[in-house]
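Quick note: the sequence shown uses the working numbering, first residue 386, plus one each step.
Think of the CB as a built atom: it goes at the ideal place given N, C-alpha and C, for glycine as much as any other residue.
Since the structure is predicted, the reported quantities are computational estimates derived from the model, not experimental observations.
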Amino acid sequence: MATIEEKASPAARFSYMSSGVLGLGMFGISLAAGIYNSYVPLFIRHYVPSAAIIGLIVSVRTLMGVVLNTYFSARSDRTQTRFGRRLPYILIGMPVTGILFMLFPWQIGAAFLIVVDLVYAVASNVFYAPTIALMPDVTPAPRRSQANGIINAMAGLAALLAFFIGPALFHMGRPLPFLVVGVLFFIIPFIMWRGIREPAIGAPSSDGVGIRHLLHAARRIVARPDRTALLLLAAVFFWSGGESSVETFFVTYGVYHLHLASATAVITIGLFALAYLIFAVPSGFLAARLTRRRLVLGGTVGLALAFFALSFLSSVWPIRAFALVGGFFWAFININGYPWFTTLAEPADVGAFTGLWLMAAGLGNFVCQPAIGFLMDRLGYPWLFYGAAASVLLGFLAVLFTPRRKVLAS
């Protein structure tokens, strides 16, 4: 009997061109996120001086992202159009999001800005998860790590462009970076429509649409004798929560504990992202030789050790060296975890599995960040790295209990 891996995406063919076109979607999403994170909180702060209210807005957006990503990812499994299952969400959602993005610098007042922000959060989450779910749809299971490496490298490049080019555009004119992203959000869907051919999956099953389909997929995962999918969801909860906590709190750690200038701290954590970008593509290709399971296990151990070592360091250059090491091992984890998880899904359930993966990662961020922040407040700043290392090691333990078998190594 054919395995799920053998049946997945029957018409899929790996090509660097299709992976690059898929990467354009994540390039645009990452570029928008970088520009948004740099400037929109400052716009809101101008009108809303209360940190508590701003925190409430951020929490609402986070929860909206978890719920909407999960819903639209599962719903796209049951969408049948002449454009395919995932592309309609991209063709509609991305241009609408681009229009909303261009409205941010035109500040009319607090109410206008907050409404635009919340509507933008809805629109951007309509197409985010379907964009991710396209990769396993159009890529054969054994090559998904390679494709994911290319896609994530393009997303990482966009993040660096937002960091370096965004301020220059903003200096030339406040609306300029928002206009550039808005225009790209019209161009990218057209390129994806012309460059990607979704495989025909067949008629939807009778397990419902949206939330019903998602719950049905979750029940199947829980009921399986093979616990691999369930263990991977637990793993991404912990490793995502640990890594995102370091990204969130490192600048605070650097400024208040190490007494670094904020720019120095930003550049230091930026080296983590740079190493991830450099090793994203090699990590995908290494999966063909070493298996995803081995790479993820090695990555979690290496990342946890890097975090633990960072808790003892106070000089900038050793810290930067271990930030590079951490980014290297994070690439092993993040590039191979999701492709491994999608090989456990039937072709008609890839969207639901993608939604569950994003939900687990989002909930990990939502739970671990305040928990580690609490440890920092109560026990001291080094607990940022103790807590993050412990969280990543819990992810390692979850993966360790997955069956010892060859995981699509060829």
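- Beyond the five residues adjoining it in sequence on each side, G408 comes within less than 6 Å, by CB distance, of I535, I536, M539 in the same chain, given in chain order.
- W491 sits in coil when the DSSP states are folded into three classes, being neither helix nor strand.
- Residues of the same chain with a CB within less than 6 Å of the CB of N422, apart from the 5 flanking positions on each side, do not exist.
- Three or more pairs of CB atoms, one per stretch, sit closer than 8 Å, so the region 743-754 contacts the region 613-632.
- Taking a cut-off of 8 Å for Cβ pairs, the region 761-771 and the region 669-688 do not touch, as fewer than three such pairs fall below it.
- The three-state reading of DSSP puts V433 in coil, since its state is none of H, G, I, E or B.
- The shortest C-alpha to C-alpha distance from H642 to any of L764, V433, F468 is the one to L764.
- The shortest CA-to-CA distance from P527 to any of Y723, L779, G758 is the one to Y723.
- R679 and L488 have their C-alpha atoms some 46 Å from each other.
- Distance from the CA of L617 to the CA of F412, rounded to the nearest whole angstrom, comes to 26 Å.
- For the pair I576 and P525, the Cα-to-Cα distance works out to about 22 Å.
- Inter-residue distance for A619 and G483 is about 34 Å (C-alpha atoms, whole angstroms).
- The beta carbon of A706 sits closer than 6 Å to no other beta carbon from its chain once the five residues preceding and following it are set aside.
- Of the residues assessed, P562 falls on the buried side of the cut-off, its CB having 16 or more other CB atoms within 10 angstroms.
- DSSP places H556 inside the alpha helix (DSSP H), whose first and last residues are 529-557.
- Distances from the CA of F486 to each of F468, R559, R463, A532 were compared; the closest alpha carbon is that of R559.
- Going by DSSP, A691 is part of the alpha helix (DSSP H) stretching over 677-695.
- By a beta-carbon distance limit of 8 Å, F692 does not contact G669. Their separation comes to about 23 Å.
- Under a 10 Å Cβ-count criterion, Q465 is classified as exposed, with fewer than 16 other Cβ atoms of the shown protein chains found around its own Cβ.
- Secondary structure at F468: coil, using DSSP grouped into helix, strand and coil.
- Taking 8 Å as the cut-off, the beta carbon of I581 is found no closer than this to the beta carbon of S400.
- When only Cα atoms are considered, A689 and V621 end up about 14 Å apart.
- About 26 Å separates the beta carbons of F664 and A614, which is beyond the 8 Å limit, so they are not a contact pair.
- Cβ contact annotation for V565 (same chain, cutoff 7 Å, sequence separation greater than five): L554, in chain order.
- The three-state secondary structure of F664, taken from DSSP, is helix.
- Restricting attention to N719, M557, I477, the CA atom closest to the CA of I572 is found in I477.
- Measuring C-alpha to C-alpha distances from E632 to each of R612, L675, T653, I720 identifies T653 as the nearest.
- When rounded, the separation of the alpha-carbon atoms in A737 and V445 is 23 Å.
- Close CB contacts of R609 within its chain, under the 8 Å cut and outside five residues either way in sequence, are with L615 (chain order).
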